[in-house]
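Counting from -15, one number per residue, gives the positions in the sequence shown under this note's numbering.
Data block below; observations after.
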Amino acid sequence: MSAELARLSPGGLVALGTGYLLVLFLLALAVERGWVGRAVTRHPAVYTLALGVYASAWAIYGSLELAASSGYGYLAYYLGVAGAFLLAPVLLVPIQRLTRSYQLASLADLFAFRFRSRWVGTLITVVSLLAVLPLLALQVQTLGDSIQLLTGAASPGLLALVFCALSALFAMLFGARHSRLHARHDTLLAVIAFESVIKLGALLTLGAVALFGVFHGPADLQAWLDGPGQLHQAASAQPDAAHWRTLLLLFFAAALLMPHMFHITFAETLSRRTLLQASWTLPLFLLLMAIPVPLILWAAQAQGHDQAVGSAYLAFMLSEAAWVGALAFLAGLAAASGTMIIIALALSGMILNHVLLVAHPPDAQPDLYRWLRWLRRALIAAVILGGWLFYHLIGVHHDLTTLGLAAFVGMAQCLPGLLALLYWPGANRKGMVAGLTVGTLIWLAGLWLPLLAGWPALVLIPPGLEGLAGEPGWYVVALVSLAANSLILILVSLASHTSAGERAAAEACSVDAVIRPKRLPLQAATGADFTHHLARALGKEVAEREVERALADLGLSPLDGRPYALRRLRDRIQANLSGLMGPSVAQDIVDRYLPYRHGGQDATEDIHFVESRLEAYRSRLTGLARELDGLRRYHRRILARLPVGLCTFGVDDELLMWNDALAELSGIDGTSVVGARRDGLPAPWGELLGRLLAAPDDHLYKQPVTLGGTTRYLTLHRAELPADDDLRGGTVILIEDHSELKWLEDELVHAARLASIGQVAAGVAHEIGNPITGISSLAQNLRYDTEDPQVLETAGQIQQLTDRVSRIVSSLVGFAHGGRHVGGSRFAPVAIATVTEEALHLIRLARSGEDVHYRNLCTPDLEAIGDAQRLQQVMINLLSNARDASEPGGEITVAADREGDWLKVSVTDEGHGLDDRMREHLFEPFTTTKPPGEGTGLGLPLVYSIVAEHHGRIEIDSPPPDRTRGTRISLWLPTDRQDGDTTDEPDSDR
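Right, dumping it as structure tokens:
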């Protein structure tokens, strides 16, 4: 059952490794070119497999080493991360919410955002770098040891450097193409997922070789375990329960804090649903990775090779077949290269944002994006080279377990700060920095420095914990450092002051909390001003792109000057810049070049922003918070749906609410004006509301306002909301549309005027009737007293005019009494051409308007059913008005045409036309376009009354459709007799 190690030539091994990396390059190119569809690259399974980057070379080789020394204790590596992902709803999802909302791409970004300090981000970066170097060295060491086993090369480190260089090249080409760390790298995720498939497939194959090649199936394995295998199992020290729990804690922390895990879990823009799916798919993947480990160990022990090589590399001894050794090497190469690529990518961003840019801010770089990309690429190469140097100088002298535990204990120092960041708003910067510093110093002295110099571990055992003496150094250092870290964080935070910025960030980081920004005005007046201000820091081109991107994200116009919109734009730009160069530098740039305007009233909470965030998080609220939010939404809906217009202003004159009724009345959607200053509202609302706010009284009644081309009458009521320590102040304004009430009042006044006209008209008719009767009698006597034709003609005209006066008086009396017209012969066919000629003859008797030309285009055959005298009165009034409106030399045209059962008669002039507002009131009594003293305003109302009596209708076009100026009045008169004697009541509203 023994096997010898199959050797490979150095050239063949390099070809094998280079060929594998070339496959990665080709796969990346296929994804970049779109040869692999998005349905594949964005499938949730790809994300789960990408998270398999956690299974580094430790999972391939280190787990074997740990299983040989600690038995089933090796499972802690898999169960720790499985526990972290099983807690995804309460642990990972809140972190994802923060990283997506504020563009936080690394652990350093998250800490710098929460504790509001650039130096916090720098400290986290340094700790991460120190902790990750042993892990990087572990990856390189597995490559070097594998190369030496397979080839017997004297200098395996140089060949390992070749593979490190190729990995760095891949990371530079496909991982640093975007300037923003928070951009999704579909190519990178697909490649890492492919490497996870290689790792899993290789390990399962090696496990199958062990089970069916070394042993002859499960029964043979069980027989060996019951026999010779018991000696080997007895030689393996099973982990103490305390050690086991500590290992679980370390690997639990690694799942959250290791730069490569944080990057894949949170920096890649994945959905919440995908992350929740990974909470069970990743543990399943790791379970499959863990199953082959004991099989390989038992097979090597059964062959007697457990003493021939280091226990980490027992997989190479399973078979004499060369492909088994090559498969074990490829599994290690896939694990090591993927881990190095993602660690380099994550650490390069952290070093760039929290070390280089903090020390040397990007002051108006000519091409900022290109400058940042090349800096990241250089840092990627430097990180991987640093890992190789750490291996070459230090790591080669230590086993994998020592390197791995040193890295995991160091990274776990950030765990107390992370938990406080999420669940304890009272934690502050001083406490976190103090705790992290003490914990890191204990770790450096106990585990990291001994790696460098080979010193014995400096383990500090506090008084009262003497029982830890004799325990493994990693265990003591882990317990003491984490305990000191946590205790100091709590004590210093409780004893020191927390800044306002930290409190605001703490609220944003707390689970299910909503950040409450302050309502302060900016010095920039519009979104377009942001470009000018930011250009001093970023350069004109970059500033324009960043502002345009933020405007597009929010759906805002660059000319929007609402303070609320500008605050949202500022926050969005800061979040986007955070993804580009880290939250510390982004905050410094925004605070310096987009400052708030201070010196006015005290800042108040941005209630509109808070409500919008509450709406977004409504589904996550539970218990009393959910009930209170339901009550808030109910009250707000009442205000929004009130049938009366309502708006509210803060103490700083900023509009906070604009309800639905007011939006309908004004034609202005609330979302476009909420957050604006009162003086920035569209006309006439800024002036109208300002008038009420400045008025000594709380009411303004029936204010005329032009809305949509019509005059409306609005009544406004004001209520002041006094502010105190617990309540926000402001002003509530109710706006009622009293236009119909105003019109009704006008109608009542008009009715009273008509009633008085009726009374006057009755007296006028009585007083005028007697003289008119005398004049008519004298005119009739003239016919019998003379034979002179001219006198007879004059007497006839006098008779006609007296009849007309009588009819005018009668019509006026009838109109004033509600449209009941007086007398009149039975309707008969009337030739409209004759009526027009007689009217023109009477018009020409007046000496005024002699320079106006008249054209009668009515044909003799066109007849209407009506009263000739009344229709003549209509034509005289229309022609008289047309004459008065015409300029010297103008032309007045009378035309008629049959339209079905109607005769259309039109009078058209070439005058100046009618005003739109005047046109609506032309048929009301006493409405005239003539100067005072030249018109009574009764002509057109009488025309309307007579036309209505004839069952006709009247329309006005000014200007006519076929002309650019002038007025055309059209009458439609029936050509057949109408049933009934009733007439239409004239509408005085027209």
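Idealized CB from N, CA, C, for every residue including glycine.
Quick caveat: nothing in here was measured; it's all calculated off a predicted structure.
In this structure, what does DSSP give as the bridge partners for residue i?
{"i": "C987", "result": "Beyond the ends of the chain as shown, which are -15 and 974, falls residue 987; an answer cannot be given."}
{"i": "G159", "result": "According to DSSP, which records beta bridges pairwise, G159 is partnered with nothing at all."}
{"i": "C631", "result": "W642 and I717"}
{"i": "A703", "result": "V716"}
{"i": "K888", "result": "D881 and W956"}
{"i": "V814", "result": "A848"}
{"i": "T951", "result": "D893"}
{"i": "I938", "result": "L955"}
{"i": "Y768", "result": "In the DSSP output, where bridge partners are listed per residue, Y768 has none listed."}
{"i": "L506", "result": "Y580"}
{"i": "I876", "result": "Y838"}
{"i": "R100", "result": "The partner list for R100 (beta bridge, DSSP) is empty, contrary to what the question assumes."}
Would you identify the three-state DSSP class for residue i, choosing helix, strand or coil?
{"i": "W372", "result": "helix"}
{"i": "Y86", "result": "coil"}
{"i": "V716", "result": "strand"}
{"i": "C493", "result": "helix"}
{"i": "Q80", "result": "helix"}
{"i": "Q687", "result": "strand"}
{"i": "R360", "result": "helix"}
{"i": "L578", "result": "coil"}
{"i": "G802", "result": "In this prediction, G802 has a pLDDT of 45, which is less than 50 and means its spatial position is unreliable; what the coordinates show is noted afterwards. Three-state DSSP puts G802 in coil, outside helix and strand."}
{"i": "L279", "result": "helix"}
{"i": "T106", "result": "helix"}
{"i": "H837", "result": "strand"}
{"i": "I756", "result": "helix"}
{"i": "L449", "result": "coil"}
{"i": "E871", "result": "coil"}
{"i": "T482", "result": "coil"}
{"i": "L698", "result": "strand"}
{"i": "R854", "result": "helix"}
In chain order, what residues of the same chain have a beta carbon less than 8 Å from the beta carbon of residue i, not counting five sequence neighbours either side?
{"i": "L478", "result": "G410 and G415"}
{"i": "L535", "result": "G511, S541, P542 and L553"}
{"i": "L863", "result": "A823, L824, I827, Y838, I876, V878 and V891"}
{"i": "G294", "result": "E49, D129 and D383"}
{"i": "I364", "result": "A152, A155, M156, G159, A160, A328, L329 and S332"}
{"i": "L506", "result": "P547, L550, R551, R554, L578, P579, Y580 and R581"}
{"i": "T843", "result": "A817 and A880"}
Less than 8 Å between the CB atoms is what I'm expecting for residue i and residue j, so what's the real figure, rounded?
{"i": "R975", "j": "V342", "result": "No answer is possible for residue 975: it lies beyond the span of the chain, which begins at -15 and ends at 974."}
{"i": "V878", "j": "R937", "result": "Rounded, the Cβ-Cβ distance is 18 Å, inconsistent with contact."}
{"i": "G897", "j": "P943", "result": "5 Å"}
{"i": "G566", "j": "H338", "result": "6 Å"}
{"i": "L314", "j": "F147", "result": "No, L314 and F147 are not in contact; Cβ-Cβ is about 12 Å, not under 8 Å."}
{"i": "I131", "j": "A144", "result": "6 Å"}
What residues in its chain sit with their C-beta under 6 Å from that of residue i, if we drop five residues either side in the sequence?
{"i": "F514", "result": "A508 and V531"}
{"i": "P627", "result": "A645"}
{"i": "P434", "result": "A441"}
{"i": "P223", "result": "S54 and G57"}
{"i": "E939", "result": "S954"}
For residue i, I'd like the list of residues in its chain whose CB is within less than 7 Å of its CB, leaving aside the five on either flank, ordered along the chain.
{"i": "A174", "result": "L11, V15, V20, T25 and V30"}
{"i": "S760", "result": "Q783 and T786"}
{"i": "D537", "result": "R556"}
{"i": "H216", "result": "Q285"}
{"i": "V443", "result": "G430, G457, V460 and V461"}
{"i": "D663", "result": "G670 and G674"}
{"i": "H244", "result": "V37, T323, I326, I327 and A330"}
How do the region 229 to 243 and the region 377 to 397 stand: do at least 3 beta-carbon pairs fall below 8 Å, yes or no? Under the 8 Å Cβ criterion, the region 229 to 243 counts as touching the region 377 to 397, having at least three qualifying pairs.
Are the region 39 to 47 and the region 181 to 188 in contact at 8 Å, needing three or more beta carbon pairs? With a cut-off of 8 Å on Cβ pairs, the region 39 to 47 is in contact with the region 181 to 188, counting three or more such pairs.
At a cut of 8 Å, does the region 699 to 718 reach the region 674 to 691 through at least three beta carbon pairs? Short answer: they touch.
Taking three-plus beta-carbon pairs below 8 Å as touching, is the region 276 to 286 in contact with the region 188 to 202? A contact exists between the region 276 to 286 and the region 188 to 202.
Touch check for the region 266 to 275 and the region 89 to 109: three-plus C-beta pairs under 8 Å? With the rule of 3 Cβ pairs closer than 8 Å, the region 266 to 275 does not count as touching the region 89 to 109.
Can we say the region 354 to 374 touches the region 105 to 125, given the rule of at least three CB pairs closer than 8 Å? Taking a cut-off of 8 Å on C-beta distances, the region 354 to 374 touches the region 105 to 125, as three or more cross pairs fall below it.
Quick check: the region 654 to 672 against the region 633 to 645, are there 3 or more CB pairs under 8 Å? Enough Cβ pairs lie closer than 8 Å, so yes.
Do the region 239 to 257 and the region 63 to 78 touch if we need at least three Cβ pairs shorter than 8 Å? Result yes; three or more Cβ-Cβ pairs closer than 8 Å.
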